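This report concerns only the one structure given below.
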Amino acid sequence: MDLRRVVVIGGGPAGLFLARLIKLRQPDASVELYEHDGPDEAFGFGVVLSDHTLAGLRAADAATYQEIMAACVGWKDVRVAIGDHDFLFRNYPFTAISRHRLLRLLQNQAKAVGVRMTFGRRVTVTEFLDSPDAPDVIAVAEGVHSGSRTGLSARFGTNVEPSSGRYIWFGTRAPFGEMTFPFVATEHGGFAAHAYPYGDGMSTFIVEADVDSCLGAGMDVTRAGAPAPGETDETSRRILTEIFASHLQEHQLIGNNSRWGTFRVVRNERWSTGNVVLLGDAAHTAHFSVGSGTKLAMEDAITLAEALTTHESLDGALTAYAERRRPAVAVLQSWAQTSMRWWESFPRCLHMPPDQFALHFMTRIGAISYAGLRSRHADRMDDLEAAFVRREAIAGTPSSVPPTGVVDLAGKLGELTLVNRRVAVVSQSAGSGMAPLPEAYGLILFDASHLEPGDLEQLGDRVRASPSRFGLSLTIGDIARFTDLPTCRPDVVEVVVDRVDGCAAIKDLAAAVPAVLVGVDCPDADPWSDAGTALLDRCVELRDAGAAAVHLRHRDGGIDWPRMTAFADRVRTETRTPVLIDVPPTVDRQDRARTVHLGILSGRYDLAAWRLHL
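615 is the number that the working numbering gives the last residue of the sequence shown; the numbers go up by one with no jumps.
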């Protein structure tokens, strides 16, 4: 379509780049940009751009690409630092640039093609909609706190979800050669940072922590404790410089309007209404731990400019823009949501062995497989696996990683030793009492709802003739039927406590059998919701009653694997209780063993169960 007049509200990377691209493609169009801050009032330090973003930038605007690349710093590795331990993970290429320099560069590029820029003036969508010379399109690129979007929130279907954590953005002259994540445990709680170089001897240093840790360390992260607009929180700067002193190597943290903030996840059901369209943080946000808003903003600008200048109608252009960008944004937002939850709660993992903590961190969003990790840094994975075996080795059992992964390494359940960490949960049909037993499982757990008391002794003898341990899975109702459990001598008894209090039964059984499992159904809910917290509280009660481990059960195919893994992870790290997790049939059969291997290796669960029917 031929554009007559375009108005862009917001002079960040999204707005500036969009304005330039439209003017490049349609020089006769009037393109106006309005920014409420001055041209040099840039907060923050460095921002990150991915190789994918840079490739799109190069294709859309080679001149601007060359300018940006000349001002960038790149790296290929990620370093995780915890205590005195450093772990380098190779082949994660990214590029960073000073936010101030990027904005100045984009301003110059927009000016060079004739974009009319007005700084220091706050405008609203309404004043342009009501104008007799209304624009063909109004692009809203004001960022996460967009007033224009807020005024039309009902039309856009806006939802803004605040994180429970806090973050603060500093710079430093400390020499970071790659993306570095230092984690520090203090008496007040855990503190962590994202540090990376971006040019002129400077690095970004973003600190994350929870509210209680900040308050305990003497930093007021409440609104009442915020500095005046434009000022840096000097108290927090001094305290955090001390907390991260060993990582800063005697350098100071540097402020630039640095104050504690709450990350807000922005989602909109619709990205346009009439001739008003959202892009960048005004349309969507993704937690900075998986990339930057600048990356998404510039990708939006490229797609929107192309759509507006190639489609015949505005409706067609805005539809095409959303259809092309939404899938990619949705994937990144999903990863970012998972990563944000990890960062909100990372102190729960600080008790882990440092090498396992590093792997837990690197695999927090589930986007990279075991094969992917091996292809990037096989030596690091060899080291992590060797460390796991040394830590978990049981006297008299093999002390190297089996070809099928650590799931086939000997494990413990209470005081019992299992030949491997595989569990078969067996249900039997009537008349199948002499069916062949499953092989290669450390524990065979029979569903007692399909058994009679007279079956148990024979089953126990058959299992004990193999390397496997003999176990029974009982509901509270089953316990009343099986009054003579000691006679059949089960190694393990599982008490399934779905919607009932099993503490009394567990206490009784713990005195009679070597190990007691507690079986709980995985909730069909967000692992970080109240349902997740309720599950943790219940697991603590059951553990204290004598349960050696929690069996997180998959029921009726209704829970997906990532959600089950997240629940297992929370139970294991926050209650310090071993976890047996059901492996649902939806997990990729070809890579199932490696998926379970990575879950155990990274400390998300301890044993894996497969449901079998005889």
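Note that CB positions come from ideal geometry on N, CA and C, so glycine has one too. Here the structure is a predicted model, which is why all the values come from computation and not from measurement.
Rounded to whole angstroms, the gap between the alpha carbons of residue 546 and residue 524 is 22 Å.
Judged by their CB atoms, residue 506 and residue 480 are nearer to each other than the 8 Å cut-off. In this structure residue 155 is exposed. Its beta-carbon is surrounded by fewer than 16 other beta-carbon atoms within 10 angstroms.
Around the beta-carbon of residue 198, 16 or more other beta-carbon atoms lie within 10 Å, marking it buried. Counting along the chain, the unbroken beta strand (DSSP E) around residue 203 starts and ends at 203-210. A contact between stretches requires three or more CB pairs, one per stretch, nearer than 8 Å, and the segment 144-151 fails this requirement with the segment 162-182. Counting only the Cα atoms, residue 444 lies some 46 Å from residue 265. Residue nearest to residue 284 within the set 396, 478 and 159 is 159 (criterion: CA-CA distance). Residue 480: member of the alpha helix (DSSP H) spanning 477-482, first to last residue. Between the segment 252-267 and the segment 292-311, the count of C-beta pairs closer than 8 Å stays below three; the two stretches do not touch. The segment 379-444 is shown to contain whole alpha helix (DSSP H) runs of 4 or more residues at 379-393, in chain order. Ranking 18, 40, 473 and 282 by CA distance to the CA of residue 65 puts 18 first. Beta-bridge partners of residue 120 (DSSP): 36. Rounded to the nearest whole angstrom, the C-alpha separation of residue 28 and residue 49 is 30 Å.
Counting the other CB atoms within 10 Å of its CB gives residue 99 a total of 16 or more, which places it among the buried residues. Per DSSP, the unbroken alpha helix (DSSP H) holding residue 66 starts and ends at 63-71. DSSP, read as helix, strand or coil, puts residue 594 in helix. For the pair residue 554 and residue 531, the CB atoms are not nearer than the 8 Å cut-off.
For residue 299, the enclosing alpha helix (DSSP H) has its first and last residue at 294-311. Following the DSSP letters along the chain, one finds residue 162 inside the beta strand (DSSP E) bounded by residues 159-163. Look at the beta carbons and you see the segment 174-189 touching the segment 237-249: at least three pairs across the two are nearer than 8 Å.
In the DSSP assignment, residue 545 falls outside any beta strand (DSSP E) and within the unbroken alpha helix (DSSP H) covering 531-545.
CA-CA distance, residue 21 to residue 114, rounds to 7 Å.
For residue 109, the secondary structure class from DSSP, reduced to helix, strand or coil, is helix. For the pair residue 194 and residue 147, the Cα-to-Cα distance works out to about 27 Å. A residue is called buried once 16 or more other Cβ atoms fall within 10 Å of its Cβ, and residue 135, having fewer, is exposed.
The beta carbons of residue 208 and residue 222 sit no closer together than 8 Å. Straight-line spacing of the CA atoms in residue 399 and residue 75 works out to 44 Å. Within its own chain, the residues whose Cβ lies closer than 7 Å to the Cβ of residue 364, once the five positions on either side in sequence are excluded, are 599 and 603, listed in chain order. When the five nearest sequence neighbours on each side are left out, the beta carbons in the same chain lying within less than 6 Å of the beta carbon of residue 360 are those of 385 and 603, in order along the chain. If you draw a straight line from the Cα of residue 450 to the Cα of residue 80, it comes to about 51 Å. With a cutoff of 8 Å on beta-carbon distance, residue 33 and residue 117 are scored as near each other. Within the DSSP secondary-structure output, residue 87 pairs in a beta bridge with 82. If you look at residue 565, you'll find it in the alpha helix (DSSP H) that goes 562-576. Excluding its 5 nearest sequence neighbours in each direction, residue 597 has C-beta neighbours in its own chain below 6 Å: 408 and 609, listed in chain order. Contact annotation: residue 499 and residue 470 have beta-carbon atoms that are not nearer than 8 Å.
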